[in-house]
Amino acid sequence: MSLRIANSEVDGVTVLELDGRIALGEESNSLREKLKGMVAAGTKKIVLNVANIKYIDSTGLGTLVAANVSAKTQGASVRLCHLGQKFHDILEVTELLTFFDVYDTQSAAVSSFQVATAAAA
Numbered sequence: 000m001s002l003r004i005a006n007s008e009v010d011g012v013t014v015l016e017l018d019g020r021i022a023l024g025e026e027s028n029s030l031r032e033k034l035k036g037m038v039a040a041g042t043k044k045i046v047l048n049v050a051n052i053k054y055i056d057s058t059g060l061g062t063l064v065a066a067n068v069s070a071k072t073q074g075a076s077v078r079l080c081h082l083g084q085k086f087h088d089i090l091e092v093t094e095l096l097t098f099f100d101v102y103d104t105q106s107a108a109v110s111s112f113q114v115a116t117a118a119a120a
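Quick note on numbering that gives the first Met the number 0: the sequence shown kicks off at 0 and runs consecutively.
Written out as structure tokens, the structure is:
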């Protein structure tokens, strides 16, 4: 099963809906390249909707961590939404839950950018 990435924009925020697996090989590479290209092109607000992620391995977690760090160093922000229970548990066990900005719903993740912008003003 490969990783499918659907791209949309909601209120000036780029939303990537991920479907499948984030694992060693093509899946992790395609996500890494997609995110790197977006940030390089100037995309600053990114939400990853992981509701349909069936499996993530350590390489997939590493890809998400690297994307988050890379985005932050370039003035962008990556947020996660719709973690399933398994995904949530994995982030909790690996102590990565606090490393990411995590939201229950896509709309809450998108809205969080407006709140952050208002707070910065």
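No residue lacks a Cβ here, since even glycine has one placed at the ideal position from N, Cα and C. In this text, all values refer to a predicted model and were calculated from it rather than measured experimentally.
For the 8 angstroms CB-CB criterion, K44 and F112 form a contact. Straight across, the Cα-Cα distance linking L2 with Q73 is about 25 angstroms.
Straight through space, the alpha carbons of H81 and D88 are spaced by roughly 13 angstroms. According to the DSSP assignment, D100 belongs to the beta strand (DSSP E) that extends over D100 to Y102.
Secondary structure at A40: coil, using DSSP grouped into helix, strand and coil.
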